[in-house]
Amino acid sequence: MNPRTAAIRTGWTRGLIELRQSFTNGMDLLSHVLWPTLMLIVMFFLRDRTFGSSGFHLGTLALPSILGMNAAMGMITMSQQLTADREDGTLLRAKATPNGMQGYLVGKVVSVSGGLLADLAILLIPGLLIIDGLATGSPGSWLTLLWVLLLGMVATLPIGAVLGSVFSSARSQGLVQLPVMGLIGISGIFYPITSLPEWLQWIAQATPIYWLALGTRSALLPDAAVSVEIGDSWRHLETVGVLGVWMVLGLVTAPIVLRRMARRESGSSVAERREKALKRVG
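The numbering of the sequence shown is UniProt numbering, which starts it at 1 and goes up by one.
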């Protein structure tokens, strides 16, 4: 077995271990359950409110959108975990082993994407019980949901790795989260994007968050719901195109940025970050 294959297998095993640990650790388990629960509560109160004269309930429109949003939020999780591992020296240890960075990244992709799929199931299964009007009766709906989520995760997780490489401290993650939350607010997640000013619509359409949400809406909403979308169309080709561009951009950029970041890592830099952390705690 060549070293690269061994590193990938090691990364896969590491990712599965981290995923299993996240469902046996109390705080990690709470983080898996808390956000979907909050979203379900929001949709429960929106279930009987309609959007304009369309007749569609906001809860029905929001559930598929929130699924897409949660998939996009994987880039935040990836960024946070990579930054934390950089700060405590985990990345430095990975760098010191042959093909260790490759194995590390495979492990993170496995654990983060596995956690995302579990979170989506925690949201979707109860959501189907409390939200009416979803079009889930055909295999085509589930196939569309599958390819949108898979393409979306491949498009966004490398972006999270890039963001995690830029910041050396977990305290700086707010600089990532705040802009992302702002983009979520204008991406038609909780309210149709067509109700926003046109210039905000253009900003939202430049991000993968909007297209992920649009794709999941196209999978789970009835055909008549397309009337509240831009151009009265689900725009599947555009969804593939935009997410594909983000995927290529991330897959090309992430290895370059990670290699440069790994070259700058040293024992002294890790010790310096630990010293600063201890001073903040003290």
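Don't be surprised by glycine CBs; every beta carbon is placed ideally from N, CA and C. Computed from a predicted model, the values in this text were never measured in an experiment.
Cβ contact annotation for M181 (same chain, cutoff 7 Å, sequence separation greater than five): none.
For T50, the pairing in a beta bridge is given by DSSP as H57. Excluding the 5 residues flanking it on each side, P64 has same chain C-beta neighbours closer than 7 Å at T216, R217, A219, L220, L221, in chain order.
The Cβ atoms of Y104 and G188 do not sit closer than 9 Å to each other. The C-beta of P158 has 16 or more other C-beta atoms within 10 Å across all chains shown, which makes the residue buried.
Straight-line measurement puts the Cα of I209 at about 12 Å from the Cα of Q201. Under the Cβ criterion (8 Å, minimum of three pairs), the region 18–25 does not count as touching the region 36–51. Closest in C-alpha terms to M78, from the list L124, T144, V162, S227, comes V162.
By the neighbour-count criterion, in which 16 or more other beta carbons inside 10 Å mark a residue as buried, V245 falls on the exposed side.
Taking V154 as the centre and dropping the five residues before and after it, the same chain places the C-beta of M247 closer than 7 Å to its C-beta, in chain order. Taking the Cα of M69 as reference, the smallest distance to any Cα among L124, E238, F56 is reached at L124. Contact check for G164 against Q81 passes: the beta carbons are separated by less than 9 Å. C-alpha of L38 to C-alpha of G127: approximately 12 Å in a straight line.
Note on M27: under 16 other CB atoms within 10 angstroms of its CB, so exposed under the neighbour-count rule. Between L61 and the set M261, A213, L258, A254, the nearest pair of CA atoms involves A213. Counting along the chain, L243 sits inside the alpha helix (DSSP H) bounded by residues 236–264. One alpha carbon belongs to P255, the other to A7, and they sit about 16 Å apart.
T144: member of the alpha helix (DSSP H) spanning 139–166, first to last residue. Collapsing the DSSP output to three states places E229 in coil. Around the beta-carbon of L34, fewer than 16 other beta-carbon atoms lie within 10 Å, marking it exposed. Classified as exposed, T5 has fewer than 16 neighbouring CB atoms from the shown chains inside 10 Å of its CB.
In summary, A121 is exposed, with fewer than 16 beta-carbon neighbours lying within 10 Å of its beta-carbon over all protein chains present. Counting along the chain, S79 sits inside the alpha helix (DSSP H) bounded by residues 74–88. G114 is not a Cβ neighbour of L258, given a cutoff of 9 Å. Non-local beta-carbon contacts of M261 in its own chain, meaning distances under 7 Å to residues more than five positions away in sequence, involve S165 in chain order. Where P126 is concerned, the enclosing alpha helix (DSSP H) starts and stops at 100–130.
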